[in-house]
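Novice: First residue of the sequence shown: -2, per the numbering used here; consecutive thereafter. Beta carbons: idealized from backbone N, C-alpha and C, even for Gly. Below: one structure in structure tokens.
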Amino acid sequence: MKTDPDFYVGWQDKAPASFARALRWVVITLAILVPLMAGLLVWAQRGFSEAVFEYGQLTTLEGRLIREPVPFLRVPTNKTSAGAPRFERVLLIGYGKHGAEQTIRQWEDRYGALTSKSIRIRGTLIRYQGHTALELTEEAAALQTVANPAIPPARPVLRPLGHVTLQGEITDPKCFLGVMKPGDGRPHRSCAIRCIAGGIPPLLWVQNGRGHANGYVLVGPNGERINTQLLEAVGRGVRVTGRLEQADNWLILYVDGPVETTTLLADVQAQIALCR
């Protein structure tokens, strides 16, 4: 009987020459392709954002509480060249996936109305690209002191910017500004829905394709909450129309038209839950 020299059984000491040659080329090919594919995946992934969440570090801020259309702490920063005070607004957000309203109600149950009063509060800072939020990590205990202003509070500067139509993505500012990475897109959609359903103000993030971006807090035409109405559009590309207003360093969009779903470039491309 003629034997087949190329037949190889794994327990034999030595493989046939033809089998060894084929295996050698397979090993060499894999040794080249595997690092190359790994490098391509690293190159293709989105880079880390500069968003910051100061986890475990509490910061104390003092300013005047603004309740409408969403809770802000208006903090003096410096002065203009004419000597007038300059202010920055810090968006107030509750602990966990909740807005700040419940915590503020607890404060007012104890101290009475706090709107425009000077308060000192403590929380965890969240910041990204000129937008700052403060998580009331200690909830009701976050309020340190309450005082009437020594001088009448400066009237908040509200600058109307006209009627606009913007295209971007709706997400929640807490995660997007630093708590989660990624804090946008389909990988983060379910989390953003829960945050917005819990009372965190919805944020429309708009990029113009030239590296510039901005965030717009979304409220109804009269400043009312529209969180529930926007849940289906969260994490998707949308086109939003409304009246735009600048409140110190934040932009508020009073939505007065339908929220139309569009297609973002990120929705067309294959998405992997990578860090931003």
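1. Roughly how far, in whole angstroms, is the beta-carbon of Thr162 from the beta-carbon of Thr258, given that I think they are within contact range, below 8 Å?
2. With a floor of 4 residues, list each alpha helix (DSSP H) that falls wholly inside the stretch 190 to 235, ordered by position along the chain.
3. Could you work out which residue in Ile167, Ile193, Gly96 and His209 is closest to Gly127 when comparing CA atoms only?
4. If you draw a straight line from the C-alpha of Leu20 to the C-alpha of Met34, how long is it?
5. If you count every other CB in all the chains shown that lies within 10 Å of the CB of Asp278, and 16 or more means buried, which is it?
6. Relative to the alpha-carbon of Pro82, which residue among Ile90, Tyr92, Arg71 and Arg186 has its alpha-carbon at the smallest distance?
7. Mapping the DSSP letters down to three states, classify Gly180 as helix, strand or coil.
8. So for Lys76, helix, strand or coil by DSSP?
9. Is the stretch 163 to 171 close to the stretch 224 to 237, with three or more CB pairs under 8 Å?
10. By the 10 Å Cβ neighbour count, where 16 or more other Cβ atoms means buried, how is Ala48 classified, buried or exposed?
11. Mind checking which residues open and close the alpha helix (DSSP H) that includes Tyr108?
12. Taking the C-alpha atoms as reference points, what is the distance between Val265 and Gly182?
13. Please say whether Thr168 and Ala137 have beta carbons closer to each other than 8 Å?
14. Just the Cα atoms here: how many angstroms apart are Thr129 and Pro157?
15. Just to confirm, are Leu121 and Thr134 a CB contact at a threshold of 8 Å?
16. Where Val231 and Met177 are concerned, what is the direct C-alpha to C-alpha distance, given to the nearest angstrom?
17. Can you give me the Cβ contacts of Leu140 inside the same chain, cut-off strictly under 7 Å, excluding the 5 residues immediately before and after it?
18. Return the Cβ separation of Lys171 and Ile197 in integer angstroms, given the expectation that the two are a contact with Cβ distance under 8 Å.
19. Would you mind stating whether Leu227 and Leu215 have Cβ atoms separated by less than 8 Å?
20. Tell me Ile63's beta-bridge partners as DSSP assigns them.
21. Residues in the same chain with beta-carbon distance under 8 Å from Thr274, minus the five sequence neighbours each way, listed in chain order, please.
22. Is it buried or exposed for Val23, if we count other Cβ within 10 angstroms and need 16 for buried?
23. Taking the alpha-carbon positions, what's the Glu85 to Val31 distance?
24. By alpha-carbon positions, which one of Glu59, Glu65, Arg64 and Ala79 ends up nearest to Pro73?
25. State the start and end residues of the unbroken beta strand (DSSP E) segment that holds Glu85.
26. Is it buried or exposed for His185, if we count other Cβ within 10 angstroms and need 16 for buried?
Specialist: Let me lay it out:
1. Residue numbering aside, residue 162 sits at position 165 when the sequence shown is read from its first letter. Residue numbering aside, residue 258 sits at position 261 when the sequence shown is read from its first letter. At roughly 14 Å, the Cβ-Cβ gap does not stay under 8 Å, so Thr162 and Thr258 are not in contact.
2. 224 to 227
3. Here the question's residue 127 lines up with position 130 in the sequence shown. Of the candidates Ile167, Ile193, Gly96 and His209, the one whose C-alpha sits nearest the C-alpha of Gly127 is His209.
4. Reading the sequence shown from its first residue, position 23 is the one you call residue 20. Reading the sequence shown from its first residue, position 37 is the one you call residue 34. So the two alpha carbons sit approximately 21 Å from each other.
5. Nothing can be reported for residue 278, as the shown portion of the chain is limited to -2 through 273.
6. The residue given as residue 82 occupies position 85 in the sequence shown. Selected option, being the one with the closest Cα: Arg71.
7. Here residue 180 corresponds to residue number 183 of the sequence shown, with the count starting at 1. The answer is coil: DSSP assigns Gly180 none of H, G, I, E or B.
8. What you label residue 76 is simply residue 79 of the sequence shown in a count that begins at 1. In the structure shown, Lys76 sits in a strand (DSSP, three-state: E or B).
9. Result yes; three or more Cβ-Cβ pairs closer than 8 Å.
10. As a first step, residue 48 is located in the sequence shown; it is residue number 51 there, counting from the start. Ala48 is buried by the Cβ-count criterion.
11. Along the sequence shown, one-based indexing puts residue 108 at 111. Glu98 to Tyr108 is the span of the alpha helix (DSSP H), which, as asked, contains Tyr108.
12. Taking the sequence shown and counting its residues from 1, one reaches residue 265 at position 268. Taking the sequence shown and counting its residues from 1, one reaches residue 182 at position 185. At Val265, the pLDDT of 42 sits below 50, so the modelled position is not reliable; the number obtained from the coordinates is stated separately. Rounded to the nearest angstrom, the two C-alpha atoms are 12 Å apart.
13. Locating residue 137 in the sequence shown gives position 140, where the first residue counts as 1. Locating residue 168 in the sequence shown gives position 171, where the first residue counts as 1. No.
14. Counted from its first residue, the sequence shown places residue 129 at position 132. Counted from its first residue, the sequence shown places residue 157 at position 160. Distance between the alpha carbons of Thr129 and Pro157 is about 22 Å.
15. Along the sequence shown, read from residue 1 onward, the residue named residue 121 stands at position 124. Along the sequence shown, read from residue 1 onward, the residue named residue 134 stands at position 137. Checking the displayed sequence, the identity of residue 121 turns out to be Thr instead of Leu. Yes, these two residues count as a Cβ contact at 8 Å.
16. Position 234 of the sequence shown, counted from the start, is the residue given in the question as residue 231. Position 180 of the sequence shown, counted from the start, is the residue given in the question as residue 177. Distance between the alpha carbons of Val231 and Met177 is about 16 Å.
17. The residue given as residue 140 occupies position 143 in the sequence shown. Answer for Leu140: Trp104, Ile116 and Ile118, listed in chain order.
18. The sequence position of residue 171 within the sequence shown is 174, counting from 1. The sequence position of residue 197 within the sequence shown is 200, counting from 1. With a Cβ gap of about 5 Å, Lys171 and Ile197 count as contacting.
19. Taking the first residue of the sequence shown as 1, we reach residue 227 at position 230. Taking the first residue of the sequence shown as 1, we reach residue 215 at position 218. Yes.
20. Against the sequence shown, residue 63 aligns to sequence position 66. Looking at the DSSP assignment, Ile63 forms a beta bridge with Phe69.
21. Nothing can be reported for residue 274: it is not among the residues displayed for the chain, which extend from -2 to 273.
22. Position 26 of the sequence shown holds residue 23. So Val23 ends up on the exposed side.
23. Mapped onto the sequence shown, residue 85 falls at position 88. Mapped onto the sequence shown, residue 31 falls at position 34. Glu85 and Val31: Cα-Cα distance of roughly 50 Å.
24. As a working mapping, residue 73 is identified with position 76 in the sequence shown. Measuring from the Cα of Pro73, the nearest candidate turns out to be Glu59.
25. In the sequence shown, residue 85 corresponds to position 88, counting from 1. Per DSSP, Glu85 belongs to the beta strand (DSSP E) from Pro82 to Ile90.
26. Taking the first residue of the sequence shown as position 1, residue 185 is located at position 188. With 16 or more other Cβ atoms within 10 Å, it is buried.
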